[in-house]
Amino acid sequence: MTPGQAPGINLFALPALLLRELWAYRGFIWASVQREWRARYLGSQFGLAWAIIHPFALILLYTLVFAKLMHPQLAGYPGPFAYSIYLCAGLLTWNLFSELLGRSVGIFVNNANLLKKLSFPKLSLPMIATLSSLLHYAITLGLFLGLLSIIGQFPGWVVLAVVPVLLVLILFTLGLGLLAGLIDVFYRDVEQLIALVLQFWFWLTPIVYVPAILPAGLQDLLALNPLQPLIFAMHAILLEHQLPNWLSLIYPACLALGLLALGLRVYQRLGPELVDEL
Numbered sequence: 001m002t003p004g005q006a007p008g009i010n011l012f013a014l015p016a017l018l019l020r021e022l023w024a025y026r027g028f029i030w031a032s033v034q035r036e037w038r039a040r041y042l043g044s045q046f047g048l049a050w051a052i053i054h055p056f057a058l059i060l061l062y063t064l065v066f067a068k069l070m071h072p073q074l075a076g077y078p079g080p081f082a083y084s085i086y087l088c089a090g091l092l093t094w095n096l097f098s099e100l101l102g103r104s105v106g107i108f109v110n111n112a113n114l115l116k117k118l119s120f121p122k123l124s125l126p127m128i129a130t131l132s133s134l135l136h137y138a139i140t141l142g143l144f145l146g147l148l149s150i151i152g153q154f155p156g157w158v159v160l161a162v163v164p165v166l167l168v169l170i171l172f173t174l175g176l177g178l179l180a181g182l183i184d185v186f187y188r189d190v191e192q193l194i195a196l197v198l199q200f201w202f203w204l205t206p207i208v209y210v211p212a213i214l215p216a217g218l219q220d221l222l223a224l225n226p227l228q229p230l231i232f233a234m235h236a237i238l239l240e241h242q243l244p245n246w247l248s249l250i251y252p253a254c255l256a257l258g259l260l261a262l263g264l265r266v267y268q269r270l271g272p273e274l275v276d277e278l
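When the letters of the sequence shown are read in order and numbered with my numbering, they come out as residues 1 to 278.
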């Protein structure tokens, strides 16, 4: 009996049980990640090289356009690359969030045939999506850090602080994505709704602008956005070369744990009905 089929399991024991189950299927999960990457670039002339070409072109474009052509100024940060670093730090974080959330919402519906034909932990699917998205992010971040080294803006050892920031982001996205993905099985409008919400959410997050330009009332309202302290943390690390304000991450971390607990509870309740509904 899988965790999704055992509504009597205590919620505190459920994460450990799920982790053991996922670990037992680690070979299947990693093979699925590799198969997905091969399928994405299969048949193209450059193959997996596109996984490097695309993010490199994006980073180079933002750096050259904003640093050399548009000459934007970021208050308090002298230098031609300040705004480019500010923009890229926010965009890389947002892209990881939006890609993973977008994939998680439809993860069960889009893999209905697989779930009906094979017997494996259903939570393997969100894990596969997470690892695939993280692999793409790691390549992009590595290229960005390489560019920072070339222009003399590498943050040094504080770059290690990216790891706990990403952990909070992943847990938040997984909790929200799992909850939305489960609901999407029963109400198929959820995937379209999330796509619409993401369009507004992007502009409610300080990625292309600095919050200081907004009215005070609006700044207070946007402070409720759980992504804002995560974006600020990435700015502190990659732009200011400082450790982030760890206290500011308590809010998104608590929200992430709450959403993850709720998502697991819903999974525990609805797990047995997923395949039948699909």
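For each residue, glycine too, the CB sits at the ideal point set by N, CA and C.
If the criterion is Cβ atoms closer than 8 Å, does the pair residue i and residue j meet it?
i: GLY90; j: ILE213; result: no
i: LEU274; j: LEU125; result: no
i: LEU182; j: LEU270; result: yes
i: ILE151; j: PHE97; result: no
i: PRO229; j: LEU255; result: no
Which one or two residues does DSSP pair with residue i in a beta bridge?
i: TYR77; result: LEU74
What I want to know is whether the C-beta of residue i ends up closer than 7 Å to one or more non-hydrogen atoms of the ligand PLP.
i: TYR187; result: As far as ligands go, the structure on display features none, and thus does not contain the ligand PLP.
Whole angstroms are fine: how far does the CA of residue j sit from the CA of residue i?
i: ILE107; j: ALA138; result: 22 Å
i: LEU247; j: ALA253; result: 10 Å
i: LEU64; j: PHE186; result: 46 Å
i: GLN219; j: LEU143; result: 32 Å
i: PRO155; j: ALA180; result: 36 Å
i: LEU160; j: ASP276; result: 45 Å
i: LEU92; j: GLN199; result: 16 Å
i: PHE172; j: ILE250; result: 12 Å
i: ARG40; j: PRO211; result: 37 Å
i: TYR86; j: LEU238; result: 8 Å
i: VAL162; j: GLN192; result: 31 Å
i: ALA261; j: TRP23; result: 19 Å
i: GLN5; j: ASN111; result: For GLN5, the predicted model reports a pLDDT of 47, less than 50, meaning its position is unreliable and no value from the coordinates is stated.
i: ARG20; j: GLY76; result: 49 Å
i: LEU60; j: HIS136; result: 17 Å
i: GLU99; j: SER133; result: 7 Å
i: PRO78; j: ALA236; result: 15 Å
i: HIS54; j: PRO272; result: 40 Å
i: ALA51; j: CYS88; result: 18 Å
i: LEU222; j: ASN113; result: 41 Å
i: GLY291; j: ALA16; result: Only positions 1 to 278 of the chain appear in the structure, and residue 291 is not among them; the question remains open.
Per DSSP, what kind of secondary structure is residue i in: helix, strand or coil?
i: THR205; result: coil
i: LEU189; result: Before going further, note that residue 189 is Asp rather than Leu in the sequence given. In the structure shown, ASP189 sits in coil (DSSP, three-state: anything other than H, G, I, E or B).
i: HIS241; result: coil
i: LEU96; result: helix
i: ARG265; result: helix
i: GLY271; result: helix
i: PHE154; result: coil
i: MET1; result: Residue placement at MET1 is flagged as unreliable, the pLDDT there being 44, under the threshold of 50; the coordinate-derived value follows with that caveat. If DSSP states are grouped into helix, strand and coil, MET1 belongs with coil.
i: ILE107; result: coil
i: LEU198; result: helix
i: TYR83; result: helix
i: SER124; result: helix
Throw me the rounded Cβ distance for the residue i and residue j pair, which I believe falls under 8 Å.
i: LEU18; j: LEU123; result: 6 Å
i: ILE128; j: VAL266; result: About 20 Å; that fails the 8 Å criterion.
i: SER190; j: VAL105; result: Correcting the residue identity first, residue 190 is Val in this sequence and not Ser. Indeed, because the Cβ distance is near 6 Å, the residues count as touching under 8 Å.
i: ILE207; j: TRP94; result: 6 Å
i: VAL165; j: MET234; result: 6 Å
i: ILE281; j: THR130; result: Within the shown structure, residues of the chain are numbered from 1 to 278, placing residue 281 beyond reach of any answer.
i: GLY175; j: LEU101; result: About 10 Å; that fails the 8 Å criterion.
i: TYR209; j: PHE120; result: Incorrect: roughly 44 Å between the Cβ atoms, too far for contact.
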